[in-house]
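Each residue of the sequence shown is one higher than the last, beginning at 501 in the working numbering. Idealized CB from N, CA, C, for every residue including glycine. Here the structure is a predicted model, which means the values were calculated and not measured.
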Amino acid sequence: MFRHPRLQEVRDRLTAAHAVVVLTGAGISADSGVPTFRGADGLWRNFRAEDLATPEAFERDPRLVWEWYNWRRELIATKQPNEAHYALVQLEARTRNFHLITQNVDGLHRLAGSQHLHELHGNIWKVRCTSCGLVTENRDVPLSLRPHCRACSALLRPHVVWFGESLDQQTLAESVRAVESCEVMMVVGTSGLVYPAAMLMPSAQAAGAFVIEINLAPTPHSSAADLSIQGRAKEVIPLLI
Ligand code: BV8
Ligand code: ZN
501 MFRHPRLQEV RDRLTAAHAV VVLTGAGISA DSGVPTFRGA DGLWRNFRAE DLATPEAFER
561 DPRLVWEWYN WRRELIATKQ PNEAHYALVQ LEARTRNFHL ITQNVDGLHR LAGSQHLHEL
621 HGNIWKVRCT SCGLVTENRD VPLSLRPHCR ACSALLRPHV VWFGESLDQQ TLAESVRAVE
681 SCEVMMVVGT SGLVYPAAML MPSAQAAGAF VIEINLAPTP HSSAADLSIQ GRAKEVIPLL
741 I
């Protein structure tokens with residue numbers, strides 16, 4: 501049973517807060533069996549995510565990039581949300597003004613029932629036409645390689661944000677507004693290395709929010725957090741709700 505001297509304080513702060521924001525990263529899905537990006541299990545055929553999650557990689561070898569996404573879609577299709585995902589759904593239901601901002605593209609927050617969700621980096625279950633831009637949901641596992649647009653027959657790509665690509669401006673603006681007007685922000689299972697998502701925590705703090713980090717290990721943001729709890733998301737989050 502996870503123990504920490506300040507769990508009750510966190511529960512009280514979350515209960516008293518009118519506006520709460522939660523930012524999640526790959527660590528919250530690790531307990532569902534989805535590999536993180538920078539952990540030991542973050543490799544695929546000796547490629548790093550940074551090598552494949554780029555427009556250049558897709559330009560150079562769309563088949564290889566699609567094979568990687570097909571591998572991830574196939575893996576994620578067998579995974580379920582864990583206690584941490586469900587606890588955040590409960591927190592959302594009883595918080596007046598709640599925003600869940602995720603860097604994850606696995607769709608597990610949506611599957612768990614989160615409504616006020618901002619998917620900063622897109623969603624692996626959506627595809628986008630490289631020509632006409634049509635975005636559709638696609639759950640084919642595997643996706644027939646080099647998938648083509650029904651409307652204009654151009655090549656489809658995953659509807660995710662690659663390194664070097666800018667985030668959807670509206671999603672980012674909504675997320676910034678949310679962190680700048682919340683009383684409590686929880687940052688769960690992210691290494692805090694990827695920008696501009698990594699700017700959200702300092703922005704919350706600058707706006708006066710009480711920031712709690714929950715992570716298995718210390719991160720570059722741990723010292724800045726008002727409270728950094730070292731533990732497994734699926735054990736800690738349910739205890740805070
Ligand atoms: C942009 C979608 C520019 C794809 C992803 C140098 C300095 C600063 C910035 C840059 C730089 N060089 C380049 C940049 C910009 C770059 C960037 O930040 N690079 C980093 C690597 C330095 N950013 C970008 O390119 C962004 N775009 O900046 O645009 C621009 C501006 C104007 C106009 C045009 C362009 C786009 C970034 C989005 C990239 N896409 N994903 C896909 O998934 O297929 S990012 C990818 O990393 C995932 O989304 C992932 O979620 C995300 C972040 O990683 P984490 O979630 O933190 O996961 P990670 O594995 O790192 O960590 C897991 C954590 O969980 C660990 O801390 C671990 O301890 C913890 N953990 C593990 N198990 C548990 C746990 N915690 C709790 N419980 C557990 N059980
Ligand atoms: Zn098209």
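Taking the Cβ atoms as the reference, Glu619 lies roughly 6 angstroms from Thr602, within the contact range of under 8 angstroms. Ala587 is not bridged by DSSP to any residue. In the DSSP assignment, Gly622 is bridged to Val660. With respect to Pro647, Ile624 sits apart: the two C-beta atoms are not nearer than 8 angstroms. When the five nearest sequence neighbours on each side are left out, the beta carbons in the same chain lying within less than 8 angstroms of the beta carbon of His616 are those of Glu592, Phe598, His599, Leu600, in order along the chain. Taken atom to atom, the span from the alpha-carbon of Arg563 to that of Leu656 is near 11 angstroms. For the pair Gln730 and Phe547, the Cα-to-Cα distance works out to about 29 angstroms. Taking C-alpha positions only, Ser728 is separated from Ala654 by approximately 47 angstroms. Distances taken from the Cβ of Thr630 to the heavy atoms of ligand 1 include none shorter than 7 angstroms. Relative to Ala526, the option among Pro720, Trp571, Val694, Ser723 whose CA is nearest is Val694. In this model, Asn570 and Trp544 are separated by some 12 angstroms (Cα to Cα).
Between Gly533 and Lys579 a beta carbon distance of about 5 angstroms is seen, short of the 8 angstroms cut, so the two are scored as contacting.
Per DSSP, the beta-bridge partners of Arg628 are Val635, Arg657.
Note that the C-beta distance between Asn582 and Asp531 is below 8 angstroms. About 14 angstroms separates the Cβ atoms of Val736 and Ala725, ruling out a contact at the 8 angstroms cut-off. Taking 8 angstroms as the upper bound for CB-CB distance, Glu713 and Val687 are in contact here, some 5 angstroms apart.
Counted as a single uninterrupted DSSP element, the alpha helix (DSSP H) harbouring Leu514 occupies residues 507 to 516.
DSSP places Gln730 in the uninterrupted beta strand (DSSP E) bounded by 727 to 730. In this chain, the beta strand (DSSP E) harbouring Ile714 covers 710 to 715. For Val694, no beta strand (DSSP E) run applies, since DSSP gives it neither H nor E.
Contact between Val510 and Leu740 holds: CB atoms are separated by about 5 angstroms, below the 8 angstroms threshold. For Val679, the uninterrupted alpha helix (DSSP H) segment begins and ends at 669 to 680. Rounded to the nearest angstrom, the Cβ distance from Val679 to Ala698 is 12 angstroms, too far for a contact under 8 angstroms. In terms of Cβ geometry, Ala553 and Phe663 form a close pair [threshold 8 angstroms].
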